[in-house]
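**Student:** Quick note: the sequence shown uses this note's numbering, first residue 94, plus one each step.
Where a beta carbon is used, it is the ideal one built from N, C-alpha and C, also for glycine.
Predicted, not measured: the structure shown is a model, and the values here were computed from it.
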Amino acid sequence: MNTQWVNFEIAGEDYCLTVDDIQEILNYETPTPVPGSSPEVTGILNVRGEVVTVLSGRRLLDLKEKEPETAWRIITMQSHGVYYGLIVDGVNEMIEINLDKLETAPSTGAVSTSELILGTYHHKDRLIIALDLSRYVEFA
Numbered sequence: 094m095n096t097q098w099v100n101f102e103i104a105g106e107d108y109c110l111t112v113d114d115i116q117e118i119l120n121y122e123t124p125t126p127v128p129g130s131s132p133e134v135t136g137i138l139n140v141r142g143e144v145v146t147v148l149s150g151r152r153l154l155d156l157k158e159k160e161p162e163t164a165w166r167i168i169t170m171q172s173h174g175v176y177y178g179l180i181v182d183g184v185n186e187m188i189e190i191n192l193d194k195l196e197t198a199p200s201t202g203a204v205s206t207s208e209l210i211l212g213t214y215h216h217k218d219r220l221i222i223a224l225d226l227s228r229y230v231e232f233a
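1) Using C-beta distances below 6 Å, list every residue in its chain close to Glu-143, excluding the 5 sequence neighbours before and after it, in chain order.
2) Just curious, the beta strand (DSSP E) that Leu-148 is in, first and last residue?
3) With H, G and I counted as helix, E and B as strand and the rest as coil, what does DSSP make of Tyr-229?
4) Ends of the beta strand (DSSP E) at Val-134?
5) Pull up the CB-CB distance for Val-147 and Gly-178, whole angstroms please, since I reckon it's below 8 Å.
6) Taking 8 Å as the threshold, find out whether the stretch 187-197 comes into contact with the stretch 158-170 through three or more Cβ pairs.
7) In angstroms, rounded to a whole number, what distance separates the CA positions of Gly-136 and Lys-217?
8) Of all the options Asp-182, Ile-221, Glu-133, Glu-160, which has the alpha carbon lying nearest to the alpha carbon of Ala-104?
9) Under 8 Å between the Cβ atoms of Glu-117 and Asn-185?
10) Just the C-alpha distance for Gly-129 and Ile-180, rounded to the nearest angstrom, thanks.
11) With DSSP collapsed to three states, give me the class of Val-112.
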């Protein structure tokens, strides 16, 4: 069965999320910090009256931090009644993935990161890591 996914980059690596999980893609703006929040939470944004918890894709996936850039985007989603966004370096394209061709991802060693990875997919000579961020909300 084929499904639509949005392909994006974080720290030079390709990732994707299913279109069904995404509400919108916003231009990057600096979130308001929330004292005492977990390390992957960079802060909150007000998006048309909704409070969005903003997660750093780099922190969430244990990747090297970097100063914000204008090309960055925030992919917003809602799961289990929580509205949240993921900061990514850039959004590339929509891709179609045959779920039967999704391969099991090797263990990353980081338990929380492994729980977010659905698998990997080869697309145009690139390895793309499919994520399920609703699992983050379940474990948070």
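**Tutor:** Taking the definition as stated:
1) Along the sequence shown, one-based indexing puts residue 143 at 50. Within the same chain, Cβ atoms closer than 6 Å to the Cβ of Glu-143 are found at Tyr-176, the five residues on either side in sequence being excluded.
2) Here residue 148 corresponds to residue number 55 of the sequence shown, with the count starting at 1. Counting along the chain, the beta strand (DSSP E) containing Leu-148 begins and ends at 143-149.
3) Within the sequence shown, the letter at position 136 stands for residue 229. Secondary structure of Tyr-229 (DSSP, three-state): helix.
4) Position 41 of the sequence shown holds residue 134. Counting along the chain, the beta strand (DSSP E) containing Val-134 begins and ends at 134-140.
5) In the sequence shown, residue 147 corresponds to position 54, counting from 1. In the sequence shown, residue 178 corresponds to position 85, counting from 1. Confirmed, Cβ separation roughly 5 Å.
6) The way I'd put it, the stretch 187-197 doesn't touch the stretch 158-170; fewer than three beta-carbon pairs between them come closer than 8 Å.
7) On the sequence shown, position 43 is the one that residue 136 refers to. On the sequence shown, position 124 is the one that residue 217 refers to. Gly-136 and Lys-217 have their alpha carbons spaced roughly 35 Å apart.
8) In the sequence shown, counting from the first residue as 1, residue 104 sits at position 11. The shortest C-alpha separation from Ala-104 is found at Asp-182.
9) Counting from 1 along the sequence shown, the entry for residue 117 is found at position 24. Counting from 1 along the sequence shown, the entry for residue 185 is found at position 92. In this structure, Glu-117 sits away from Asn-185, with a CB-CB distance that is not shorter than 8 Å.
10) Mapped onto the sequence shown, residue 129 falls at position 36. Mapped onto the sequence shown, residue 180 falls at position 87. CA-to-CA, the gap between Gly-129 and Ile-180 works out to about 20 Å.
11) Here residue 112 is taken as the residue at index 19 of the sequence shown, counted from 1. Val-112 carries a helical assignment under DSSP once its states are collapsed to helix, strand and coil.
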